[in-house]
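Residue numbers (this note's numbering), protein chains in the order written: chain A, 1 to 105; chain B, 1001 to 1105.
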């Protein structure tokens, strides 16, 4: 559970997948590993429900870091395949985290 | 998939649950229904993975709406029970959504 100090940025990606894997799982893992190598990457959390709704939130130092990852060629190709093959629908939200608090038992 | 026009606020709640239900599922449903009646509520998305990580993102018009929901007595009691019974750990992030884009097949 990444806990950087605000302010930082969150990219909230919510999606519903198409039927079948179509190479998605392998590519998603590759993209997570590649994102983690980017300058300004702070962490990622991901969950997909039985109902099919997936939520991935990635955390970034600033807008420049988000823009850098967006320009990555492998990521750009993955986004193209996402629209062509993997997603019925998605929404991307770029948000500035202003405050946070946590709890650990 | 809620798609309000930015700017608005997202409350990103990531959590790992304790063992057993302990009344959680019923109460979580009640809280979702109660939140939806609050002034300034814009929507909610929730997913829990097989690994146990849950992500709930609720969307709000502004900070005032978030504060209003936080003051709700039923919600306050649920947060108390969350720390006492339901969660191993959680993180709450309050973020201002600055831009968004979506895709529908």
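Beta carbons: idealized from backbone N, C-alpha and C, even for Gly. Computed from a predicted structure; not experimentally measured.
Reduced DSSP secondary structure (H/G/I, E/B, other) of residue 78 of chain A: Translated into the one-based positions of the first chain, residue 78 of chain A becomes position 78. Of the three classes helix, strand and coil, the one that applies to residue 78 of chain A here is helix, per DSSP.
Rank B:1015, B:1094, B:1046 and B:1029 by C-alpha distance to the C-alpha of residue 1074 of chain B and give the top, closest one. Your numbering for residue 1074 of chain B matches position 74 in the second chain. The shortest Cα separation from residue 1074 of chain B among B:1015, B:1094, B:1046 and B:1029 belongs to B:1029.
Mind listing the chain A neighbours of residue 1087 of chain B? Cutoff is C-beta to C-beta under 8 Å, in chain order. Translated into the one-based positions of the second chain, residue 1087 of chain B becomes position 87. Those are 103 and 105, listed as they occur along chain A.
Thinking C-beta only, is residue 1015 of chain B closer than 8 Å to residue 1054 of chain B? Numbered from its first residue, the second chain carries residue 1054 of chain B at position 54. Numbered from its first residue, the second chain carries residue 1015 of chain B at position 15. It is a contact, given that the beta carbons lie within the stated cut-off.
Would you mind giving the Cβ-Cβ distance between residue 1059 of chain B and residue 1042 of chain B, rounded to the nearest angstrom? I have them listed as a contact below 8 Å. The sequence position of residue 1059 of chain B within the second chain is 59, counting from 1. The sequence position of residue 1042 of chain B within the second chain is 42, counting from 1. Indeed, because the Cβ distance is near 4 Å, the residues count as touching under 8 Å.
Does any residue of chain A have a CB that is nearer than 8 Å to the CB of residue 1048 of chain B? Taking the first residue of the second chain as 1, we reach residue 1048 of chain B at position 48. For residue 1048 of chain B, the answer is yes, since a Cβ of chain A falls inside 8 Å of its Cβ.
Who are the Cβ neighbours of residue 1098 of chain B in its own chain at under 7 Å, not counting the five residues just before and after it? Translated into the one-based positions of the second chain, residue 1098 of chain B becomes position 98. So the list reads 1006 and 1007, once near-sequence residues are dropped.
By the DSSP assignment, the beta strand (DSSP E) with residue 63 of chain A in it spans what residues? The sequence position of residue 63 of chain A within the first chain is 63, counting from 1. Taken as a continuous stretch (DSSP letters only), residue 63 of chain A belongs to no beta strand (DSSP E), being part of the alpha helix (DSSP H) at 63-71.
Would you list the one or two residues that DSSP bridges to residue 29 of chain A? Within the first chain, residue 29 of chain A is the residue found at index 29, counting from 1. Per DSSP, none; premise fails for residue 29 of chain A.
Integer Cβ distance of residue 24 of chain A from residue 1103 of chain B, believed to fall under 8 Å: Counting from one through the first chain, the residue named residue 24 of chain A turns up at place 24. Counting from one through the second chain, the residue named residue 1103 of chain B turns up at place 103. For a cut-off of 8 Å, the C-beta gap from residue 24 of chain A to residue 1103 of chain B is around 15 Å, too long to register as a contact.
Would you list, in chain order, the members of the region 4-17 of chain A that have their beta-carbon closer than 7 Å to a beta-carbon of chain B? 10, 12 and 14
Residue 50 of chain A and residue 1001 of chain B - do their beta-carbons sit closer together than 8 Å? Here residue 1001 of chain B refers to the residue found at position 1 of the second chain. Here residue 50 of chain A refers to the residue found at position 50 of the first chain. For residue 1001 of chain B and residue 50 of chain A, no; Cβs fall outside 8 Å.
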